[in-house]
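Visitor: Going by our numbering, the first residue of the sequence shown is number 93, and it counts up by one from there.
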Amino acid sequence: MNESADGRRWWQGAVLYQLYVRSWRDTNGDGYGDLDGVIAGLDYLAWLGVDGIWLSPTMPSPDQDWGYDVSDYLGVHPELGTMADLDRLIAEARARGLRILLDLVPNHTSSAHPWFIDAASSRDARHRDYYVWADPAPGGGPPNNWLDATGHTAWAWHQPTGQYYLHLFLDSQPDLNWHEPAVHEEFREILRFWFDRGVAGFRIDVAHGLYKDAELRDDPPATGSGPMAGRFGQRPEFSQNRPETHGVYRDWRKIAEGYQPPRLLLGETWVGDLGRLAGFYGHDDELQLAFNFPFVFAPFAARELSEVVGTTLARLPAGACPVWTASNHDVGRFPTRWCGGDERQVRLALLLLATLPGTTVLYYGDEIGMTDVMVPPELRRDAMSRDRGGWNGTRDRARTPMPWDASRSGGFTAEGVTPWLPPGAAAAGRNVADQRRDPDSVLRFCRRLLALRRAELGGGVAPYEIVPAAEGQWAYRAGGLLVAANLTDQPAARPGPPGEVLLSTAGGELATELGTDQVLGPWQGIIARYPAVT
Ligand code: GLC
Ligand code: CA
Numbered sequence: 093m094n095e096s097a098d099g100r101r102w103w104q105g106a107v108l109y110q111l112y113v114r115s116w117r118d119t120n121g122d123g124y125g126d127l128d129g130v131i132a133g134l135d136y137l138a139w140l141g142v143d144g145i146w147l148s149p150t151m152p153s154p155d156q157d158w159g160y161d162v163s164d165y166l167g168v169h170p171e172l173g174t175m176a177d178l179d180r181l182i183a184e185a186r187a188r189g190l191r192i193l194l195d196l197v198p199n200h201t202s203s204a205h206p207w208f209i210d211a212a213s214s215r216d217a218r219h220r221d222y223y224v225w226a227d228p229a230p231g232g233g234p235p236n237n238w239l240d241a242t243g244h245t246a247w248a249w250h251q252p253t254g255q256y257y258l259h260l261f262l263d264s265q266p267d268l269n270w271h272e273p274a275v276h277e278e279f280r281e282i283l284r285f286w287f288d289r290g291v292a293g294f295r296i297d298v299a300h301g302l303y304k305d306a307e308l309r310d311d312p313p314a315t316g317s318g319p320m321a322g323r324f325g326q327r328p329e330f331s332q333n334r335p336e337t338h339g340v341y342r343d344w345r346k347i348a349e350g351y352q353p354p355r356l357l358l359g360e361t362w363v364g365d366l367g368r369l370a371g372f373y374g375h376d377d378e379l380q381l382a383f384n385f386p387f388v389f390a391p392f393a394a395r396e397l398s399e400v401v402g403t404t405l406a407r408l409p410a411g412a413c414p415v416w417t418a419s420n421h422d423v424g425r426f427p428t429r430w431c432g433g434d435e436r437q438v439r440l441a442l443l444l445l446a447t448l449p450g451t452t453v454l455y456y457g458d459e460i461g462m463t464d465v466m467v468p469p470e471l472r473r474d475a476m477s478r479d480r481g482g483w484n485g486t487r488d489r490a491r492t493p494m495p496w497d498a499s500r501s502g503g504f505t506a507e508g509v510t511p512w513l514p515p516g517a518a519a520a521g522r523n524v525a526d527q528r529r530d531p532d533s534v535l536r537f538c539r540r541l542l543a544l545r546r547a548e549l550g551g552g553v554a555p556y557e558i559v560p561a562a563e564g565q566w567a568y569r570a571g572g573l574l575v576a577a578n579l580t581d582q583p584a585a586r587p588g589p590p591g592e593v594l595l596s597t598a599g600g601e602l603a604t605e606l607g608t609d610q611v612l613g614p615w616q617g618i619i620a621r622y623p624a625v626t
């Protein structure tokens, strides 16, 4: 397979699967999913038809933020397995045509990382400048107004050395100082270490972060509202989103392209402006993929979704590959957020995700329509979100064990073992085993979708063109396909030219809701062959 000749890459038109390792499958009865559990699930993922797997953090960590507080970038978390297990996982995945991406956290380390322990030992310690230290403001108190992820000051006072250190997340997650050249060198080595082991790429945590304003200027007030406007009333203009960060990705891209096949850099680019998002692709010399959060947070409505997609495609540089996703371990699951648990809407969302041009990232459980799980306060495990109001404020709701079967443990762990987070009620039909048996299940539908996608849209970024449709309908041409979606609860005339229907959200029993060829039922979507122009 010559992947470089025409500039095409395996991830273009591919489906990636975000697998939250701790909640996938527990093979040693400690209540936590592990790498052996991931290996045990590879056949399932190959059967489902994904191309690559992004593993949630696998490196050693005190788990104040479940692996996003790294204490060793070159190791494997002992609770998840060993380096030999990870090597085996990469090899077993490869044998099934699946690539493995790891999660890389370059914005901050754990306070238990040896770099920070050294940095905190004295003002002239060797690693002092690996982190962001500052004196108190002239009148005393924190150096500026920056806030952390809990809404409190992002500065922690360090009594022994008489300075503050910066943490944009928990105080056990000190921010790295990217103005320090040695930090760049450390991460170059980290990248090469994992690429040499056969890792296909990284999902880069807080990819819009890294550099901080050298003058530590105050963040300005947020102008809008909602998750994309900023944090706690501030726009993180100086604490994040610095232009220098692009230089890091140009550097890493060269390293990634030095491998055969080239390695993938997929950024968690948490920015609200699609022009700024486009900037992370550079001139095809920075990230190859950048997550699209305006799409994630758009309402599940025809006009808004098609607008984000249209603007994204207009802003991205020519040849760049967009990424579509709707669930993750922070924002929750789309079957709840977008669809309120309505299975018709879940199928429709999957159909859209699978036919948009570019790369699609599914979150574990999306394929069975898994919804958020209510986690009572006393069982919550996420320190960052534990105290947020309401049950849906906690990030734990989207991190619960994968329901493999209808047994009490859901097949996640041995009977009698308490899983680290409570499994949702594994009602009949809401688990993998039941859905594999049922030809009309969401899982079987999703599998058919991914097969159709691979055959029709795989291997590149399909040309996209909007097809005129009435209010509440969204229709587009993707490659040789016509996609028509009714995002309302009323039947509607089917937009677009007639053409052979290849797949409909309303198969099997749901088909009774279906109208004729010219009518879409409520929340129905179809994929048809786009008629050849004669
Ligand atoms: C990213 C991760 C999130 C984590 C944070 C700090 O947003 O997705 O889970 O808490 O970064 O690393
Ligand atoms: Ca385990």
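The beta carbon of each residue, even a glycine, is placed where N, CA and C say it ideally should be.
1. Rounded to whole angstroms, how far is the Cβ of Tyr351 from the Cβ of Leu379, which I believe are closer than 8 Å?
2. Assign Ser499 to one of three DSSP states: helix, strand, or coil.
3. How many Å lie between Ala306 and His271 at the Cα?
4. Quick one: is the Cβ of His421 within less than 7 Å of any heavy atom of ligand 1?
5. Between Ala348 and the rest of its own chain, which residues show a CB-CB distance below 6 Å, the 5 nearest in sequence each way excluded?
6. Just to confirm before moving on: does the CB-CB distance between Thr85 and Leu196 stay below 8 Å?
7. Please report the residue range of the alpha helix (DSSP H) in which His338 lies.
8. State the Cα-Cα distance for the pair Glu605 and Pro614, rounded to the nearest angstrom.
9. For Gly125, is the beta carbon positioned less than 7 Å from some heavy atom of ligand 2?
10. Let me make sure I understand the geometry here. Which of Pro234, Phe392, Met476 and Gly359 has the alpha-carbon closest to that of Thr337?
11. Can you look up Trp158 in the DSSP assignment and give me helix, strand or coil?
12. Please report the distance separating the alpha-carbon of Gln265 from that of Asp310.
13. I'd like the ranges of any alpha helix (DSSP H) spanning at least 4 consecutive residues and lying wholly in the region 123 to 152.
14. Mind checking which residues open and close the alpha helix (DSSP H) that includes Gly293?
15. Using a Cβ-Cβ cutoff of less than 6 Å, which residues in the same chain neighbour Pro511 once the five nearest sequence positions on both sides are dropped?
16. Tell me the rounded alpha-carbon separation between Gly231 and Tyr303.
17. Please identify the residue among Asn384, Ala314, Asp376 and His375 whose C-alpha is closest to the C-alpha of Leu369.
18. Name the two residues that bound the continuous alpha helix (DSSP H) containing Trp270.
19. Looking at Asp210 and ligand 2, is the gap between the Cβ and the nearest heavy atom below 7 Å?
20. Measure the C-alpha to C-alpha separation of Arg473 and Thr597 and round it to an integer number of angstroms.
21. I'd like to know if the region 121 to 140 and the region 417 to 437 are in contact, where contact means that at least 3 CB-CB pairs between them fall below 8 Å.
22. Report back the beta-carbon spacing between Leu595 and Leu549 to the nearest angstrom; my notes put them in contact at under 8 Å.
23. Looking at the secondary structure, which residues open and close the beta strand (DSSP E) in which Ile618 lies?
24. In whole angstroms, what is the alpha-carbon distance linking Arg49 and Gln610?
25. Look up Glu557 in the DSSP assignment and give the residues it is bridged to.
26. Give me, in chain order, the residues of the same chain whose beta-carbon lies closer than 6 Å to that of Ala412; leave out the 5 immediate sequence neighbours on both sides.
27. Would the beta-carbon of Leu193 fall within 8 Å of that of Gly141?
28. Identify the continuous beta strand (DSSP E) that holds Arg536 and give its terminal residues.
29. Beta carbon of Thr119: closer than 7 Å to some heavy atom of ligand 2?
30. Can you find the residues in the same chain that come closer than 8 Å, C-beta to C-beta, to Thr608, ignoring five residues on each side of it along the sequence?
31. Report yes or no: do the region 276 to 286 and the region 243 to 251 share at least 3 C-beta pairs separated by less than 8 Å?
32. Which first and last residues belong to the beta strand (DSSP E) in which Thr452 is found?
Guide: In short:
1. Here residue 351 corresponds to residue number 259 of the sequence shown, with the count starting at 1. Here residue 379 corresponds to residue number 287 of the sequence shown, with the count starting at 1. Actually they do not touch by this definition, with Cβ atoms about 16 Å apart.
2. Taking the first residue of the sequence shown as position 1, residue 499 is located at position 407. In the structure shown, Ser499 sits in coil (DSSP, three-state: anything other than H, G, I, E or B).
3. Position 214 of the sequence shown holds residue 306. Position 179 of the sequence shown holds residue 271. Cα to Cα, Ala306 sits roughly 8 Å from His271.
4. Along the sequence shown, one-based indexing puts residue 421 at 329. Checking the Cβ of His421 against ligand 1 gives yes.
5. Taking the sequence shown and counting its residues from 1, the one referred to as residue 348 is at position 256. Counting only Cβ-Cβ distances below 6 Å, and skipping sequence neighbours, we find Pro354, Arg355 and Leu357.
6. The first residue shown for the chain is 93 and the last is 626, placing residue 85 beyond what the model contains.
7. The sequence position of residue 338 within the sequence shown is 246, counting from 1. Here the alpha helix (DSSP H) through His338 covers Thr337 to Glu349.
8. As a working note, residue 605 is residue 513 in the sequence shown. As a working note, residue 614 is residue 522 in the sequence shown. Since pLDDT at Glu605 reaches only 44, below the 50 mark, its modelled position is unreliable, and the value read off the structure follows with that caveat. Their Cα atoms are separated by approximately 8 Å.
9. If you number the sequence shown from 1, residue 125 lands on position 33. Yes - ligand 2 has a heavy atom lying nearer than 7 Å to the Cβ of Gly125.
10. Along the sequence shown, read from residue 1 onward, the residue named residue 337 stands at position 245. Comparing Cα positions, the closest option is Gly359.
11. Locating residue 158 in the sequence shown gives position 66, counting from the first residue. The answer is coil: DSSP assigns Trp158 none of H, G, I, E or B.
12. As a first step, residue 265 must be located in the sequence shown, where it is residue number 173. As a first step, residue 310 must be located in the sequence shown, where it is residue number 218. Approximately 21 Å, taken between the alpha carbons.
13. 127 to 132 and 134 to 140
14. Looking up residue 293 in the sequence shown gives position 201. Note, Gly293: premise wrong, no alpha helix (DSSP H); beta strand (DSSP E) at Gly293 to Ile296.
15. Within the sequence shown, numbered from 1, the residue matching residue 511 stands at position 419. The beta carbon of Pro511 lies closer than 6 Å to those of Gly123, Pro493, Phe504 and Thr505 in the same chain, with the five residues before and after it left out.
16. Along the sequence shown, one-based indexing puts residue 231 at 139. Along the sequence shown, one-based indexing puts residue 303 at 211. The straight-line gap from Cα to Cα measures roughly 26 Å.
17. In the sequence shown, counting from the first residue as 1, residue 369 sits at position 277. If we check each option's Cα against that of Leu369, Asn384 comes out closest.
18. The count along the sequence shown starts at 1 and reaches residue 270 at position 178. Segment: none, Trp270 is in no alpha helix (DSSP H) and carries neither H nor E.
19. Taking the first residue of the sequence shown as 1, we reach residue 210 at position 118. No.
20. Residue mapping note: residue 473 aligns to position 381 of the sequence shown, counting from 1. Residue mapping note: residue 597 aligns to position 505 of the sequence shown, counting from 1. C-alpha separation (whole angstroms): 36 Å.
21. no
22. In the sequence shown, counting from the first residue as 1, residue 595 sits at position 503. In the sequence shown, counting from the first residue as 1, residue 549 sits at position 457. About 13 Å; that fails the 8 Å criterion.
23. Counted from its first residue, the sequence shown places residue 618 at position 526. From DSSP, the beta strand (DSSP E) with Ile618 extends over Gly617 to Arg621.
24. With the chain represented from 93 up to 626, any question about residue 49 goes unanswered, as that position is not in the structure.
25. Here the question's residue 557 lines up with position 465 in the sequence shown. In the DSSP output, where bridge partners are listed per residue, Glu557 has Arg569.
26. For the purposes of this step, residue 412 is taken as residue 320 along the sequence shown, with counting starting at 1. Closer than 6 Å at Cβ, skipping near neighbours: Tyr373.
27. Indexing the sequence shown from 1 puts residue 193 at position 101. Indexing the sequence shown from 1 puts residue 141 at position 49. No. Outside cutoff.
28. Along the sequence shown, one-based indexing puts residue 536 at 444. No beta strand (DSSP E) holds Arg536; the alpha helix (DSSP H) holding it covers Val534 to Leu549.
29. In the sequence shown, residue 119 corresponds to position 27, counting from 1. Checking the Cβ of Thr119 against ligand 2 gives yes.
30. Along the sequence shown, read from residue 1 onward, the residue named residue 608 stands at position 516. Note on Thr608: pLDDT 49, under 50, position unreliable in the model; no value is reported.
31. no
32. Within the sequence shown, the letter at position 360 stands for residue 452. That run of the beta strand (DSSP E) goes Thr451 to Tyr455.
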